[in-house]
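Number of protein chains: 2
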Amino acid sequence: MLNKEQIFDFLKLFKFLNAQDIYKLSKLAKYRKIKAGEFFVELHSERRKVAYIQRGIMRAYYVKNDGEERTVMFRWEKHTIGAFEILLENKPSSQVIQALEDCKIWEIDYDILQDFLDRHPKFEKARKHMLQSMLVEALKRVETFVVESPEDRYKKLLKEQSEISDRVQDKHIASFLGITPVSLSRIRKRISEKKSS
Amino acid sequence: MLNKEQIFDFLKLFKFLNAQDIYKLSKLAKYRKIKAGEFFVELHSERRKVAYIQRGIMRAYYVKNDGEERTVMFRWEKHTIGAFEILLENKPSSQVIQALEDCKIWEIDYDILQDFLDRHPKFEKARKHMLQSMLVEALKRVETFVVESPEDRYKKLLKEQSEISDRVQDKHIASFLGITPVSLSRIRKRISEKKSS
DNA sequence: CATCTTGATTAACATTTGTTAAGTGGGTAG
DNA sequence: CTACCCACTTAACAAATGTTAATCAAGATG
Chain A
1 MLNKEQIFDF LKLFKFLNAQ DIYKLSKLAK YRKIKAGEFF VELHSERRKV AYIQRGIMRA
61 YYVKNDGEER TVMFRWEKHT IGAFEILLEN KPSSQVIQAL EDCKIWEIDY DILQDFLDRH
121 PKFEKARKHM LQSMLVEALK RVETFVVESP EDRYKKLLKE QSEISDRVQD KHIASFLGIT
181 PVSLSRIRKR ISEKKSS
Chain B
198 MLNKEQIFDF LKLFKFLNAQ DIYKLSKLAK YRKIKAGEFF VELHSERRKV AYIQRGIMRA
258 YYVKNDGEER TVMFRWEKHT IGAFEILLEN KPSSQVIQAL EDCKIWEIDY DILQDFLDRH
318 PKFEKARKHM LQSMLVEALK RVETFVVESP EDRYKKLLKE QSEISDRVQD KHIASFLGIT
378 PVSLSRIRKR ISEKKSS
């Protein structure tokens, strides 16, 4: 079930693996597909797993009491996604993870992975690096909310996260930016009017 | 220069130290004071250091082009603070870290600390735990911006982060919530009117 | 081909926030 | 004690966003 490309992508997750390591890791990962619209993690799930996305894009979102959805994160090729409440806080997930395109993923058992990493000190750097890059990303995202206006946040997204703005519906982008779809539409209009003048 | 209380506080940073470990760590940490208003990290600094706060409260903030300050983080007793751009991205800090009260801190050389941790595998769990808890905090903070209104964010702050709301000026809380001091004042008025009716 | 569904846009109005500036009160320095 | 500074409040107006609903366009479905 492994082809070269798949192995290569998976290998990039951790930067310095030998063939034997890859074999070990392949044992704890299950290759599977998720169709657009379907879920990787459902509401209140406690399944301790992570997805390494080989193809496709996913989102994590919360559902408010009135049914409104608020997207907090997008993840696409060569990145991992998981429900942090399950994995890091040992409680049911209050967020949902959904495929926005047909996805091909490696589904990884989180506890087996952690155990593997615990027993292989040479991976400590990789784990640390991964945690740190996620932390930096989250801190920078907080910064955009505190420092920038919704319009500036959207412009920055267009510039620096074209992977998101090109592949995801506007309504999801709006909630990702902390605004409504109507407001995003107005911002888009404002921008296009300024550019043409 | 060490008294019992100081040792005890420092010990809590990592949960399972013996006397010898404490001695080693004390060598790489410098105990010092920072007066209210003074800076722990200045703009564009590249000093790779961390503060473990034994007493007092600090904030990290950005300065916009027009001179406006936007606070992104508060840290107080028994927590650490540092400039993530210096430490995790190896670049000059675009944020500033300032004491809001007279502070007593352990100033720790980040690289020596990391080296120490690298050479002592028994601390890996502590490092991982610390990174994870910072990540969880940042993710939850993103969530409040995406899911909640400014008023709800403020109410939540009052409930769950009284350490902040009790000790910090409103203008800093306002920018921490992503709004202006004027708007926060109106929110406070709205809340007090609802409670009395 | 016609119909249905859904996402994006637009409009109209209410609400909130931003901005600027004027008061208010507490604390501090002289 | 007085004068000054600073944070917070309040006011007035502009701007942006939220809300609801109508319209439009495109894709899916029969």
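Chains as they are written, first to last, in my numbering: chain A, 1 to 197; chain B, 198 to 394.
Just so you know, even glycine gets a beta-carbon here, dropped at the ideal spot from N, CA and C.
When the five nearest sequence neighbours on each side are left out, the beta carbons in the same chain lying within less than 7 Å of the beta carbon of arginine 127 of chain A are those of Leu117, in order along the chain. Chain A has a Cβ within less than 8 Å of the Cβ of tyrosine 259 of chain B. Beta-bridge analysis with DSSP links aspartate 306 of chain B to B/Lys246.
Bridge partners of isoleucine 361 of chain B according to DSSP: none are assigned.
By the Cβ-count criterion, lysine 246 of chain B is buried, with 16 or more other Cβ atoms from all chains shown falling within 10 Å of its own Cβ.
Here the alpha carbon of glutamine 54 of chain A sits roughly 21 Å from the alpha carbon of arginine 47 of chain A. The beta carbon of alanine 29 of chain A lies closer than 6 Å to those of Trp106 and Ile108 in the same chain, with the five residues before and after it left out. Taking arginine 70 of chain A as the centre and dropping the five residues before and after it, the same chain places the C-beta of Tyr61, Tyr62, Lys64 and Ser175 closer than 7 Å to its C-beta, in chain order.
Residues of the stretch 370-389 of chain B with a C-beta less than 9 Å from any C-beta of chain A: Ser372, Phe373, Leu374 and Gly375, listed in chain order. Judged by beta-carbon spacing, arginine 167 of chain A lies within the 8 Å limit of isoleucine 57 of chain A, meaning their Cβ atoms are closer than that value. Contact of leucine 336 of chain B with chain A by beta-carbon distance below 7 Å involves Phe84 and Ala138. In the DSSP assignment, threonine 71 of chain A falls within the unbroken beta strand (DSSP E) covering 69-75. Under the three-state reduction of DSSP output, lysine 319 of chain B falls in the helix class. At a Cβ-Cβ threshold of 8 Å, lysine 288 of chain B and glutamate 282 of chain B count as neighbours. With a contact defined as Cβ atoms closer than 8 Å, leucine 135 of chain A and serine 93 of chain A miss out at about 20 Å.
Shown here for glutamate 101 of chain A: same chain residues with a beta carbon closer than 6 Å to its own, the five before and five after excluded, namely Ala36, Gly56 and Ile57 in chain order. Annotation for isoleucine 294 of chain B: the continuous beta strand (DSSP E) segment containing it runs 292-296.
When Cβ-Cβ separations below 8 Å define contact, glutamate 124 of chain A makes contact with chain B.
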